[in-house]
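Peer 1: Take a look at this one; I'll ask things after.
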């Protein structure tokens, strides 16, 4: 999905530089060493900002190296502080820059066919004219020597090659290199270690139709010379001719072929043969860009999803001598021409879409990727399509250059239905070299459209702005302004794509950042074309984005060394790999020391966000915060569409994730707009906690419950909402609301006295009762079952009532033909049946519990239905139900059921309605299970049984030594003898004398028993009082 764009561009003109033969770039000191055919070395120093150059030295070596001698290459060796010049006749010449001395350090017999220095500059490998391969150290002593070919096959010296016959390329670790050399029937390519050991596949090559193909087993006729080892893998790239086409081929270090593509610069150009001789093939350091050098063009390819795409073509000023990628800045390309010109291109891999307006309703979230002369466009609002697929494709006549083509701009208007209109705008007078455009941007304001870019005009940096009429797309005005410093990145102001109406915005402007990190404002459609200095970034940004937060604009940038910055504040992350803004959210990816990367998402509207509030710490990956999560290593942010984040993985495929923080805040926004159903669907589809529907604003939910329930399109959704409710506040609530709102929700929850579930269910039940629609019966029953404690008995009792009523209602059936009165079909009114409702309840409740409760209804048909719906074993419940049916006496049947369910209290109540024998059984149950209160309630109209129960209750209380309660029980039914015994046992003197008098017993006997009891109880106070009272009685 990424394209190669030209971020900055520098060219240097050296008037007397002519007939360049070889060059090398030493990037630590930013020095070019250029050797001409006149055997003169030009030492050209470039300043740190790449804006100026100076000729440091011009060394004439013609007296030591004859002009007639062909130079194979030059190399500056940092350790030796010398330039090494390798000649085809076999001589190796060293020139020390500091000492300004040159000397021959060696000569190879029969000449040199090719050479290459290792990446660490420790070893030089040379193919000699004697068909041998040797390695030298920096003292130019021979370390190893072997035959060039791995067998006795003759080496073929090809005279049509312009430079050398043997080509080398090293692996980045300097342990292996590949050697491509000609033999009699073509070319072979062997991989060797630094000790010159051959690494070859064990598989033998098969016929042309075979599967295994190798470049190391035998000669390949159409294989050509240039090779390059991919720095980050074991793949090696070369090229061959295949069916009149130039084919880029890849193979592993063991020689086995591994992928290919046809080199096709312009498919619309008709040629007799597409065989193109390639001068050089290079990978940049991180293997993202494959550069293919032709005579006057450079093709830049990028691999995505296992396919290579032609992303950019650089048209040379004259004939190109050579190219070289920088190691420190892997996307800096140095181009040296044969005469007078040197160019340096600062390239950047970038996603071509606007991340600023994706939250707008009319945005299609378009993303464009280039492949030669094709523009492939994907609407991420419609679907997610990884390359090479796209929604539609534009086939243009010429290759795409900075999203402008040939001598005219091509503009495409894409409406919401993805219909495309194409327009052309001539640009003959706007710039000189069309493929050197930088920062190409298109801004669609309300009253005008603006095309903005930076180019060079007579060695001056020029800002060009073309104002276009949005109605007819005709050029209205052209503004140009010269600038002194290169502009590295451009982004529109956040006001241009804010939620405010664009008509209210006067003076639309964009931000420009130069190579010093200074940020300028550029006013669009302004005659003065002013650059207003705004502020300064701490580091130079390569990408910027702006957004509006609470009326203030925030500007973010990311530097080349992965520093994510906020303007005039601080560095947010020192390991950020990509970032994006979406509405009020900042999202960025960050490298970690572990297996994964981290994704951070922050709402900038939140006062407690760690981006704008420096007192808040950014959460770590080990925390449980939803603001951070793990993602696959190497992921970069592509676009944010439909509230979803699209990543591109290193291999090229796309993945989409829904950021929970964004969706949680959106739930709150929907609830604030009374869109409860939309909020529910959002929670349901993204597995968010459904408790949020109630927790975000509990009072609002309760007050508007009726309209909320009626907004739900399916009653099943109401059931899902009821089933999901929990007694505690949702843990995700803190991400939906800000701190003050969260504290208010916690206070409301405390005011409910932890009865949230019951309050919620009662609110639902009351609202459904008010609505009165029978379709909501399922929801009502769900709410009753959800309550704590569950109201399952009430639910089954209601179902039983429905079932009993259904026997008296006859189902009305209508014929299939039309009603003759209305000439329309008969409408069958579907009502909720007790059977369907029971089946639904059985799915919600515990199977054993609902079966037991259904038995308590004494409706055996209902019990059978429950057993069926709960999938009980028929061998268990059918014999039991049959045995119950055989009991004709209903009281006996109910008693049996209650005894089986161990509901002894209800068994007593049922037996109280039976005969004398059954009442006797009830008394036994009351005594056995201490059900005295139940017995008093059941036999409150039978005085004799009531007396018996109270005596039994008194006996029970007496045994538990609850004397006062036992005394009241005996006394209430006139059981004075038992009451007297209780008084004696408890030491109640007054009551004991009272009941002895009632019974006519001898008081002295009772007093003696009391004295003995009080002595046992050690209650001396009552004993003394009793003795005194007894003495007074005797005295009287």
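Numbering (my numbering), first residue to last: 15 to 1050.
Glycine included, each C-beta is placed from N, C-alpha and C at the ideal position.
When you compare each of 240, 235 and 133 to residue 188 by their alpha carbons, which one comes out closest?
Peer 2: Answer by Cα proximity: 133.
Peer 1: Beta-carbon within less than 6 angstroms of residue 144's beta-carbon, same chain only, minus the 5 sequence neighbours each way: which residues are those?
Peer 2: 124
Peer 1: Evaluate the contact criterion for the region 885–894 versus the region 926–933: three or more CB pairs, one atom per stretch, below 8 angstroms.
Peer 2: no
Peer 1: What would DSSP say about residue 871, mapped onto helix, strand or coil?
Peer 2: coil
Peer 1: Please go through the same chain and pick out, in chain order, the residues whose beta-carbon is closer than 8 angstroms to the beta-carbon of residue 33, but skip the five residues on each side of it.
Peer 2: 50, 51, 52, 352 and 353
Peer 1: Among residues of its own chain, excluding the 5 on either side of residue 539, which ones have a beta-carbon nearer than 6 angstroms to its beta-carbon?
Peer 2: 462 and 481
Peer 1: Rounded to the nearest angstrom, what separates residue 419 and residue 499 at their Cα positions?
Peer 2: With a pLDDT of 40 at residue 419, under the threshold of 50, the modelled position of that residue is not reliable, and the figure given next carries that caveat. One C-alpha to the other measures close to 27 angstroms.
Peer 1: Among 1008, 1014, 1000 and 1005, which residue has its Cα nearest to the Cα of residue 1026?
Peer 2: 1000
Peer 1: Residue 9 and residue 682 look like a contact to me (Cβ under 8 angstroms); what is the Cβ gap, rounded to whole Å?
Peer 2: Here the chain has residues from 15 to 1050 only, and residue 9 is not among them.
Peer 1: According to DSSP, is residue 808 helix, strand or coil?
Peer 2: helix
Peer 1: Got a sec? Which residues, its chain only, sit under 6 angstroms from residue 662 by beta carbon, not counting five neighbours each side?
Peer 2: 15, 650, 652 and 668
Peer 1: Return the residue from the list 320, 1005 and 141 that minimises the CA-CA distance to residue 104.
Peer 2: 141
Peer 1: In angstroms, rounded to a whole number, what distance separates the CA positions of residue 2 and residue 71?
Peer 2: It is not possible to answer for residue 2, since the shown part of the chain is limited to 15 through 1050.
Peer 1: Just mark residue 450 as buried or exposed, buried being the case when its beta carbon has 16 or more other beta carbons within 10 Å.
Peer 2: buried
Peer 1: Please tell me whether residue 879 and residue 858 are closer than 7 angstroms, where the distance is taken between their beta carbons.
Peer 2: no
Peer 1: Over what stretch of residues does the beta strand (DSSP E) that includes residue 558 continue unbroken?
Peer 2: 555–563
Peer 1: Might you give, ordered along the chain, the residues of its own chain that have their beta carbon closer than 6 angstroms to the beta carbon of residue 63, omitting 5 neighbours on each side?
Peer 2: 529
Peer 1: Measure the alpha-carbon distance for residue 745 versus residue 754 and round it to whole angstroms.
Peer 2: Answer to the nearest angstrom: the Cα atoms are 16 angstroms apart.
Peer 1: From what residue to what residue does the alpha helix (DSSP H) around residue 949 run?
Peer 2: 946–952
Peer 1: Output the distance between the C-alpha atoms of residue 693 and residue 685, rounded to the nearest integer angstrom.
Peer 2: Roughly 7 angstroms separates the two Cα atoms.
Peer 1: Rounded to whole angstroms, what's the CA-CA distance from residue 845 to residue 963? Just pull it up for me.
Peer 2: 50 angstroms
Peer 1: Mapping DSSP to helix, strand and coil, what is residue 32?
Peer 2: coil
Peer 1: Label residue 784 either buried or exposed according to how many other C-beta atoms from any shown protein chain fall within 10 Å of its C-beta, with 16 as the threshold for buried.
Peer 2: exposed
Peer 1: Using a Cβ-Cβ distance under 7 angstroms, would residue 650 count as near chain B?
Peer 2: The chain inventory of the structure shown lacks chain B, comprising one protein chain alone.
Peer 1: Exposed or buried, what is residue 478 when buried is set at 16 or more other beta-carbons lying within 10 Å of its beta-carbon?
Peer 2: By the 16-neighbour rule on beta-carbons within 10 angstroms, residue 478 is buried.
Peer 1: Give the secondary structure of residue 664 by DSSP, where H, G and I count as helix, E and B as strand, and everything else as coil.
Peer 2: Coil at residue 664, not helix or strand.
Peer 1: Taking residue 464 as part of the beta strand (DSSP E), name the residues at either end of that continuous run.
Peer 2: 463–471 is the span of the beta strand (DSSP E), which, as asked, contains residue 464.
Peer 1: Mark residue 350 as exposed unless 16 or more other C-beta atoms lie within 10 angstroms of its C-beta, in which case mark it buried.
Peer 2: buried
Peer 1: For residue 980, I'd like the list of residues in its chain whose CB is within less than 6 angstroms of its CB, leaving aside the five on either flank, ordered along the chain.
Peer 2: 968, 971, 972 and 996
Peer 1: State buried or exposed for residue 609, treating a residue as buried only when at least 16 other CB atoms are found within 10 Å of its CB.
Peer 2: exposed
Peer 1: Between which two residues does the beta strand (DSSP E) holding residue 567 run?
Peer 2: Here the beta strand (DSSP E) through residue 567 covers 566–573.
Peer 1: How about residue 644 and residue 672: are their beta carbons less than 7 angstroms apart?
Peer 2: no
Peer 1: Indicate the three-state DSSP secondary structure (helix, strand or coil) for residue 624 in the structure shown.
Peer 2: coil
Peer 1: Which residue spans inside the region 480–550 form an unbroken beta strand (DSSP E) run of at least 3?
Peer 2: 489–497, 501–506, 523–528, 532–537 and 545–550
Peer 1: Should residue 74 go down as buried or exposed, given a rule of 16 or more other Cβ atoms within 10 Å for buried?
Peer 2: Classification of residue 74: exposed, given that the 10 Å Cβ count is below 16.
Peer 1: Assess, as a yes-or-no matter, whether the region 263–270 is touched by the region 312–324 under the definition of 3 or more beta carbon pairs within less than 8 angstroms.
Peer 2: With the cut-off at 8 angstroms, the region 312–324 and the region 263–270 do not touch.
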